[in-house]
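Everything on this sheet refers to the single structure shown next.
Residue numbers (our numbering), protein chains in the order written: chain U, 22 to 334; chain A, 25 to 555.
This is the structure:
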């Protein structure tokens with residue numbers, strides 16, 4: 022575990038260097054953005070000097086890397102705010118919608134997958150396949166607009182948009198997460214349900230399942246204790262990848278539901294060429310990916326006794 | 025341990041009470057008189073001198089005040105200060121009115137105003153030339169200062185009353201002494217609203233609270249002149265990136281006001297009895313294209329004229345706006361409906377005359393040099409123009425290379441003076457409010473001093489001479505006469521090609537009233553009148 026953590030340090034460092042270099046190679050100039058369309062070349066040059074963008078690239082990188090080692094991600098070139106504060110301010114909505122989407126996905130997708138695997142080709146299986154096909158093929162923003170129209174505008178049950186932190190109360194918080202969660206979960210429910218189904222079907226043909234049934238174990242015990250537990254490794258992998266992509270890929274959902282999250286911050290920073298913010302966010306995303314991979318690895322060990330034995334030996 | 029069961033009726037009562045509390049929590053904060061506003065973009069830059077972005081200008085009008093204002097008849101009026109002028113038109117004495125306080129409760133002084141004017145004049149298109157006319161600016165006492173000119177100019181009062189896009193906002197001297205190239209972080213102003221720092225989320229949300237210490241003028245409000253009476257407790261600006269969501273939020277009573285409703289979403293609001301759609305900017309916006317005068321093919325004036333002749337304004341406006349009720353053709357480089365609007369060239373600029381363009385191409389001996397047109401895909405208001413222009417130019421015989429990119433990349437590209445084969449550009453289209461464009465200094469397209477000008481770098485000394493003459497003119501009639509000459513020169517030299525005018529509608533819920541028609545977005549005078 023400690024080895025894995027240390028092994029991730031060079032990954033983060035290389036990511037930082039690549040991101041820094043790529044951003045500087047990308048066309049665009051934050052000083053031009055700041056000055057506006059009608060600024061003269063002289064005014065833009067003055068701003069570039071003020072922002073330190075006229076310095077040689079290695080020097081800019083050195084200044085940034087030094088500050089990074091002290092936990093300082095710098096200041097936004099556009100708003101002048103600390104990058105850490107900007108990221109911290111946007112973390113809540115992204116985390117909230119990601120957590121609720123993952124929980125909702127697990128609650129819905131795994132039972133669906135188990136039910137489908139129980140009788141492959143049966144009515145439930147076909148229904149799950151149908152749901153999965155819709156979930157995968159209909160983009161989240163389309164589901165989002167449909168939900169807004171039906172649930173918010175026609176029925177008036179929920180607000181169209183916005184975010185309220187948990188500190189404003191549980192219901193105001195949840196009220197604004199329901200529609201984004203439903204919109205975002207569709208594709209993941211489809212993915213996890215299909216993976217659960219196929220993994221479980223493969224396991225249900227194993228000898229020890231036949232043995233369990235021969236010993237008279239109830240069907241739910243066979244399915245859940247013997248089947249699902251042993252089919253869990255690929256499901257955990259898919260869920261892990263799903264969590265990572267949820268956190269970094271909720272841009273469209275955040276836009277449709279006006280959630281002030283990290284995805285929107287990234288798009289805004291990219292459009293404005295706000296280098297420190299982009300660099301800070303990509304580093305954060307790299308760390309999240311690494312952390313999720315570590316958690317998935319730990320779950321593998323917990324779910325697979327053979328791996329534990331091997332480690333003990 | 026003992027447990028006591030709760031009777032069923034009590035459980036229901038507790039449940040109902042909990043639900044009631046939950047609902048009360050929801051409606052509590054919204055009950056305050058808070059105007060919920062969706063602006064066209066998120067506010068990220070707080071300094072109205074560093075940038076000419078409209079969102080920062082609108083922010084400026086919230087928290088800062090101006091020495092002078094302009095009313096709907098283009099008259100310059102006193103706002104923070106009244107003024108007198110000497111008989112020789114060389115000495116202007118400004119006297120601050122009583123009761124002016126900064127948001128930190130210290131009094132506004134003449135020194136603050138002098139520092140603010142100097143900072144603005146470092147970078148502004150009117151301010152820089154104005155300073156050439158100014159011999160001295162001196163504080164007479166805490167409330168009075170004097171500006172002495174080398175020679176008479178109309179730029180002084182026009183500059184101080186300027187509406188857009190870089191008005192002369194007054195700031196405390198400690199803030200205004202910051203170099204103009206360094207963004208300020210202190211948001212202390214003396215305007216009718218206060219900036220609520222703790223609620224500011226760059227790009228997302230800005231909250232303004234009523235400045236209870238603000239003493240408005242007695243006159244009725246008109247544009248930026250008159251009394252700035254604030255009737256709401258707070259104004260909350262938020263940026264909703266998806267316009268459809270913003271419109272849905274307005275319909276669902278989650279926001280009260282949308283600054284700009286996209287044209288294609290207007291049908292969603294048609295017939296809604298709770299919502300008013302109104303183009304509050306009665307002057308409107310104009311769209312235009314500019315060409316790179318440094319590089320082929322548009323270093324040739326005949327080819328610039330050919331491009332201008334080829335494009336039909338109606339085609340452009342149909343594609344960009346769609347609704348004929350909201351657009352009109354116009355050949356004026358300073359805008360139809362402004363005091364300086366003149367339509368010289370209308371006979372060949374409006375219709376899209378492909379035959380004339382072809383003839384000019386032949387006369388110029390066009391060699392097929394590619395026209396690189398920059399097309400921003402993410403800014404709806406200017407996304408379609410390049411496509412229509414490209415089609416017209418191709419039909420006229422130009423070789424066209426349409427390059428798509430985002431708006432910010434385009435802005436950076438515009439600084440590239442290289443030939444098109446080395447990443448340079450030939451033509452781009454943009455749009456600006458007429459409040460910004462109605463005079464030869466406020467309109468950056470009319471700066472024609474070659475490399476010292478903004479993008480396109482036209483070098484037309486005759487226009488520069490007329491601009492100087494305009495600065496020296498002190499009567500509106502004299503200014504209008506010079507503006508007419510500038511129009512002629514700008515069209516004949518292909519400095520900027522007008523593509524027509526349009527109105528961008530605003531929408532607001534009828535529970536609020538008093539939104540002022542003005543070329544800039546203002547939130548004083550607005551009052552809650554319904555539930």
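Glycine included, C-beta positions come from ideal geometry on N, C-alpha and C.
Residue 50 of chain U at chain A interface by Cβ criterion, 8 Å: yes
8 Å Cβ shell around residue 44 of chain U - same chain, five flanking residues per side excluded: 294, 296, 299 and 300
Range of the contiguous beta strand (DSSP E) that encloses residue 107 of chain A: 105-109
Chain U contacts made by the stretch 316-335 of chain A, where a contact means CB separation under 9 Å: none
Buried/exposed call for residue 406 of chain A, threshold 16 Cβ in 10 Å: buried
Touching by the beta-carbon criterion (3+ pairs, under 8 Å), the stretch 274-283 of chain A and the stretch 147-163 of chain A: no
Candidates U:95, U:165 and U:87, of which the one nearest residue 72 of chain U by Cα: U:95
Neighbour flag for residue 61 of chain U against chain A, beta carbons, 8 Å: yes
Local Cβ density within 10 Å of residue 112 of chain A, reported as buried at 16 or more and exposed below that: exposed
Range of the contiguous beta strand (DSSP E) that encloses residue 241 of chain A: Residue 241 of chain A -> no beta strand (DSSP E), and no H or E assigned at all.
Test: residue 273 of chain A CB closer than 8 Å to a CB of chain U: yes
Backbone secondary structure at residue 47 of chain A - three-state DSSP: Unreliable positioning characterises residue 47 of chain A in this predicted model, as indicated by a pLDDT of 41, which lies under 50. The coordinate reading is nonetheless provided below. It is helical.
First and last residue of the uninterrupted beta strand (DSSP E) at residue 229 of chain U: Note, residue 229 of chain U: premise wrong, no beta strand (DSSP E); alpha helix (DSSP H) at 228-235.
Members of the stretch 146-159 of chain A that neighbour chain U once the beta carbon cut-off is set at 8 Å: 147 and 149
C-beta atoms of residue 461 of chain A and residue 310 of chain A nearer than 8 Å: yes
Cβ-based contacts, 8 Å cut-off: residues of the stretch 417-448 of chain A near chain U: 429, 430, 431, 432, 433, 435, 436, 437, 438 and 439
Per-residue burial, residue 340 of chain U [other beta carbons within 10 Å of its own, 16 or more giving buried]: Since the displayed chain U opens at 22 and closes at 334, residue 340 of chain U lies outside it and no answer follows.
Residues of the stretch 244-267 of chain A whose Cβ lies closer than 8 Å to any Cβ of chain C, in chain order: Absent from the structure: chain C. Protein chains present are U and A.
Cβ of residue 541 of chain A within 8 Å of any chain U Cβ: no
Residue closest to residue 165 of chain U, alpha-carbon to alpha-carbon, out of U:143, U:252 and U:202: U:202
Exposure label - residue 239 of chain U; buried when at least 16 CB within 10 Å: exposed
Beta-carbon proximity list for residue 155 of chain A, same chain, < 8 Å, skipping 5 on both sides: 145
CB contact below 8 Å: residue 240 of chain U versus chain A: no
Chain A contact for residue 181 of chain U (CB, 8 Å cutoff): yes
Contact set for residue 199 of chain A: own chain, Cβ-Cβ below 6 Å, skip 5 residues either direction: 208 and 210
Contacts of residue 101 of chain U in chain A (Cβ-Cβ under 7 Å): 207 and 209
Boundaries (first-last residue) of the beta strand (DSSP E) holding residue 93 of chain A: 92-94
Residue 288 of chain A versus residue 367 of chain A - alpha carbon distance: 30 Å
Beta-carbon proximity of residue 134 of chain A to residue 166 of chain A, cut-off 8 Å: yes
Under 7 Å from the C-beta of residue 454 of chain A: neighbouring residues of chain U: 58
For residue 93 of chain A and residue 300 of chain A, believed in contact at Cβ under 8 Å, the rounded distance: Their Cβ separation, rounded to whole angstroms, is 25 Å, which puts residue 300 of chain A and residue 93 of chain A out of contact at 8 Å.
Ranges of the alpha helix (DSSP H) found wholly within the stretch 425-467 of chain A, counting only runs of at least 4: 431-437 and 458-461
Beta-carbon gap between residue 59 of chain U and residue 266 of chain A smaller than 8 Å: no
Against chain U: residues of the stretch 72-85 of chain A by CB proximity under 7 Å: 74, 75, 76 and 77
Backbone secondary structure at residue 298 of chain A - three-state DSSP: coil
C-alpha distance - residue 400 of chain A paired with residue 292 of chain U, whole-angstrom precision: 12 Å
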